[in-house]
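Quick note on the numbering used here: the sequence shown kicks off at 174 and runs consecutively. Note that CB positions come from ideal geometry on N, CA and C, so glycine has one too. Heads up: the structure comes next, in structure tokens.
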Amino acid sequence: MPAFINGKAGTAGDARTALSGNPAFHVRELSPDELAPAIVSAIDAGATRVLVAGGDGTIAMAAAALRSRNDACELAILRGGTLNHFATDLGIPADAAAALGIAVHGTARPADAGMVNDRLFLNTSSVGAYVRFVKMREYLEPRFGYRIATFIATLRLLFRLRSLAVELEVDGHRRIYRTPLVFIGVGERELQLPTLGNRIPDGKRGLHVMVVRGRSSARLLAIALNAMARGLKTVSRTPELDSFIVDRCTITLRHRSAVAVDGEVAAMDTPLEYSLARDAIRVVRP
Numbered sequence: 174m175p176a177f178i179n180g181k182a183g184t185a186g187d188a189r190t191a192l193s194g195n196p197a198f199h200v201r202e203l204s205p206d207e208l209a210p211a212i213v214s215a216i217d218a219g220a221t222r223v224l225v226a227g228g229d230g231t232i233a234m235a236a237a238a239l240r241s242r243n244d245a246c247e248l249a250i251l252r253g254g255t256l257n258h259f260a261t262d263l264g265i266p267a268d269a270a271a272a273l274g275i276a277v278h279g280t281a282r283p284a285d286a287g288m289v290n291d292r293l294f295l296n297t298s299s300v301g302a303y304v305r306f307v308k309m310r311e312y313l314e315p316r317f318g319y320r321i322a323t324f325i326a327t328l329r330l331l332f333r334l335r336s337l338a339v340e341l342e343v344d345g346h347r348r349i350y351r352t353p354l355v356f357i358g359v360g361e362r363e364l365q366l367p368t369l370g371n372r373i374p375d376g377k378r379g380l381h382v383m384v385v386r387g388r389s390s391a392r393l394l395a396i397a398l399n400a401m402a403r404g405l406k407t408v409s410r411t412p413e414l415d416s417f418i419v420d421r422c423t424i425t426l427r428h429r430s431a432v433a434v435d436g437e438v439a440a441m442d443t444p445l446e447y448s449l450a451r452d453a454i455r456v457v458r459p
């Protein structure tokens with residue numbers, strides 16, 4: 174089976190060690206820019222199942238490559254990034270040996286994805302404060318490491334909180350907000366702490382849109398960090414938010430905007446057209 178490691182992923186070394194010498198896999202370690210073309214080449218050569226080691230952003234990139242080429246090709250996952258929310262939600266174990274066993278012997282089942290303009294995402298997307306948080310964390314991480322960079326970025330976010338003027342169109346109805354954050358998750362999400370933003374197992378299908386009302390720091394932290402980074406449990410109340418589960422929605426901002434997509438940041442023109450891609454890919458699961 175073709176196996177691809179994102180060499181820049183957070184735990185690429187662990188993935189490399191786990192796959193080393195395993196005769197079931199033909200392993201290639203690539204840069205992020207090389208990953209999608211290599212997967213497409215493997216599909217063109219006849220691969221019906223590929224393994225990808227990486228975090229949420231890497232897996233989303235691989236999923237987009239598969240979907241663009243051949244819906245029948247199956248995606249197996251080995252955790253290999255800093256954030257592995259999609260793998261966790263599917264029940265892919267953290268233990269590499271167990272995950273590789275699933276990659277070989279597991280059953281592929283359809284999984285939904287989200288689209289924002291022409292960009293695929295598997296877990297979450299957002300505009301507003303979380304984007305600034307990610308940029309700051311990425312800037313600090315080479316010097317301080319992931320955990321300390323996350324802490325510092327969180328503090329800076331608290332003291333530099335800003336709201337956006339956002340127009341949200343859902344089911345033909347337009348709503349205007351001044352909000353620090355709009356969050357979109359694939360699949361129904363929890364609305365109560367401490368699991369706010371987590372995907373609900375067997376929840377409703379759709380894009381779960383959450384808009385934070387007001388600009389309270391507690392509200393922002395609760396949804397931005399608990400929903401995206403998971404683990405913030407110090408906030409005592411659920412933020413006030415508007416919540417919708419839809420197949421599509423449109424977000425209009427005043428200017429071209431940075432958008433967080435599965436933990437990565439991309440600049441996009443507005444309006445941002447979000448849509449649900451049902452059964453977008455086939456993912457190997459336990």
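Query: Residues bridged to A338 [DSSP beta-bridge criterion]; Result: R351
Query: Residue nearest to P210 in terms of C-alpha spacing, selected from A191, T231, T297; Result: T231
Query: Pairwise C-alpha distance: H258 and G360; Result: 13 Å
Query: Whole-number beta carbon distance between V223 and F177, since they are thought to touch under 8 Å; Result: 7 Å
Query: Close beta carbons around V277, own chain, < 6 Å, minus the five adjacent residues each side; Result: A197
Query: Assigned secondary structure, F294 (DSSP; H/G/I helix, E/B strand, else coil); Result: strand
Query: Between the CA atoms of L313 and D452 - distance to the nearest angstrom; Result: 37 Å
Query: Beta-bridge partners of Y312, as assigned by DSSP; Result: In the DSSP output, where bridge partners are listed per residue, Y312 has none listed.
Query: Beta-ladder partner(s) of A281, from DSSP; Result: V457
Query: Which of helix, strand or coil DSSP assigns to D435; Result: coil
Query: Separation of L337 from M441, as counted between CA atoms; Result: 16 Å
Query: Whole-angstrom distance between A185 and G227, CA atom to CA atom; Result: 7 Å
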